[in-house]
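Everything on this sheet refers to the single structure shown next.
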Amino acid sequence: MADEARKKRDESWLGRLLDGDHEAFAEFVDKYKETVFLCCRTLGLREDEIEDAASETFMAAYKGIRRYRGQAELGTWLWRIAYRKGVDYLRRNRRENQLLAEQDEQLADSRDIQALAELESKEQAELVWEAVERLPRLWAMATVLFYREGREVKEIAKIMRVRQNTVKTYLFRSRKRLKELLAGIVGEDIDVSE
Amino acid sequence: MSASKEEKFDKMLFQALQKHSEPVPADFTDRMLRQIREAENRRILAHVVVEERLALASCIVLGVMAIVAVAAFPDIAVSFKELVGTSIDKITQTIGGHSAELSRSPIRYEWQLYAVFAGVVGFAVCSLTDLLVNDS
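In the order they appear, the protein sequences are chains A and B. Using the numbering used here, you'd call the opening residue of the first sequence number 1 and step up by one each time. Using the numbering used here, you'd call the opening residue of the second sequence number 1001 and step up by one each time.
Below, the structure written as structure tokens:
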């Protein structure tokens, strides 16, 4: 019963959203703003660029929402727009070469992260995030989509406009690199408690 | 790493990344809505401007076409003028009886027709120039 009520509410919300209702769009922004910011940050946009790119993403979504036919889930559809906007932003500022490059200024081995952990006694989640931020941007993007957003390889391939095998390669390499970076932290005692 | 360690590593990544929360400015939604309203207003305004320009352009095109027609087909223009004159006669006779004779006569002078016509075209051109210069 509750599921059905929620489904009906979602359908009416989507209907209002497609009709260009501002209130429904505010809900949409509230629901997905963190996702869009995360996408832009994962792509390596600077702090001052993230908000601009996020605004451009939502403006594009607002203009394009009438053409949304529901072939993909709304979140996936928005991820695609955010990803494209983020890459456009990098291209505009001639930084697209950073997408596949190691983050030079951040390039570190596991000892750096260990040192960080010891010095600042950071939480494991934060350390993992920092390690992800050290990955090449496309690997990081695939990792975030897979592990954080729980997307399937097929969906990730659609969002990133690459082949599924490419996504698998990104994930494989990223996992390997993360293991190296986090070796000292997780080591033999991987903490998987809540 | 053994299979179980691989799984543990995956699980750790999954849980750790799930915990990451992305900082977003508190007023981002409000600012976004404001931007959207402004964009909507700009879109409506642009639509109105295009409509106005089209209306003015069609006024000018019709005017120019009328002038060209008068110059190119004088016979048709004369017969059209007579037709209009006859129609005005009939209308004014129906409405005003004797006083109509006075009101219709000046309009039949050709120079006055051209003066009125030139005035209308001049006004249209001025309005269009004003619109184009102010909007661009």
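Idealized CB from N, CA, C, for every residue including glycine.
Option in the options with minimal Cα separation from residue i
i: Arg161/A; options: Asp52/A, Ala82/A, Pro136/A; result: Ala82/A
i: Thr1129/B; options: Leu1013/B, Arg1053/B, Ala1069/B; result: Arg1053/B
i: Thr76/A; options: Val87/A, Tyr62/A, Tyr32/A; result: Tyr32/A
i: Leu45/A; options: Arg148/A, Gly70/A, Leu138/A; result: Leu138/A
i: Glu133/A; options: Gln1015/B, Met1012/B, His1020/B; result: His1020/B
i: Gln1015/B; options: Leu127/A, Ala26/A, Gly64/A; result: Leu127/A
i: Ser93/A; options: Arg148/A, Ser12/A, Glu49/A, Lys176/A; result: With the sequence shown as reference, residue 93/A is identified as Asn, and Ser is not the correct amino acid for it. Closest by alpha carbon: Glu49/A.
i: Ala53/A; options: Glu34/A, Arg66/A, Ala26/A, Arg69/A; result: Glu34/A
i: Leu135/A; options: Arg41/A, Ala72/A, His22/A; result: Arg41/A
Three-way DSSP call (helix, strand, coil) for residue i in this model
i: Ser1021/B; result: coil
i: Gln1093/B; result: helix
i: Val162/A; result: coil
i: Arg69/A; result: coil
i: Gly86/A; result: helix
i: Arg175/A; result: helix
i: Leu17/A; result: helix
i: Leu1128/B; result: helix
i: Gly75/A; result: helix
i: Arg80/A; result: helix
i: Glu105/A; result: Below a pLDDT of 50, predicted positions are generally treated as unreliable, and Glu105/A, at 45, falls in that range; the measurement from the model is reported next regardless. If DSSP states are grouped into helix, strand and coil, Glu105/A belongs with the helices.
Own chain, CB closer than 8 Å to residue i, minus 5 neighbours either side, in chain order
i: Ala142/A; result: Ile156, Met160, Val167, Tyr170, Leu171, Ser174
i: Val29/A; result: Phe58
6 Å CB neighbourhood of residue i in its chain, flanking five on each side removed
i: Gly1063/B; result: Val1121
i: Arg16/A; result: Ala24
Residue i: contacting residues in chain B (beta-carbon distance under 9 Å)
i: Trp77/A; result: The contacting residues do not exist; Trp77/A stays about 17 Å from chain B at best.
i: Ala125/A; result: Gln1015, Ala1016, Leu1017, Gln1018, Lys1019, His1020
Chain A contact residues for residue i, given Cβ-Cβ distances below 8 Å
i: Phe1028/B; result: Val29, Lys33, Glu51, Ala54
i: Leu1033/B; result: His22, Phe25, Ala26, Val29
Proximal residues to residue i (C-beta, below 7 Å), its chain only, five neighbours per side dropped
i: Phe37/A; result: Ile50, Ala54
i: Glu56/A; result: Lys85
Closer than 7 Å at the beta carbon, the chain B residues around residue i
i: Leu38/A; result: Glu1022
i: Lys176/A; result: Result: empty, since nearest Cβ-Cβ is about 11 Å, beyond 7 Å.
i: Tyr147/A; result: Leu1013, Phe1014, Leu1017
Cross-chain neighbours of residue i in chain B, by beta carbon under 8 Å
i: Val144/A; result: Leu1017
i: Arg41/A; result: Glu1022
Within chain A, the residues that residue i reaches when beta carbons sit closer than 9 Å
i: Ala1039/B; result: Met59, Tyr62, Lys63
Under 7 Å from the C-beta of residue i: neighbouring residues of chain A
i: Ile1044/B; result: Per Cβ cutoff of 7 Å: no residues; Ile1044/B is ~12 Å from chain A at best.
Segments assigned beta strand (DSSP E), at least 3 residues, entirely inside the segment 119–160 of chain A: Fully enclosed beta strand (DSSP E) runs of 3 or longer: not present.
Ranges of the alpha helix (DSSP H) found wholly within the segment 1008–1094 of chain B, counting only runs of at least 4: Counting only unbroken stretches of 4 or more residues, the alpha helix (DSSP H) elements lying wholly within the segment 1008–1094 of chain B are 1028–1072, in sequence order.
Segments of 4+ residues assigned as alpha helix (DSSP H) that fall wholly inside the segment 16–59 of chain A: Entirely contained in the segment 16–59 of chain A, the alpha helix (DSSP H) runs reaching 4 residues are, in chain order, 22–42.
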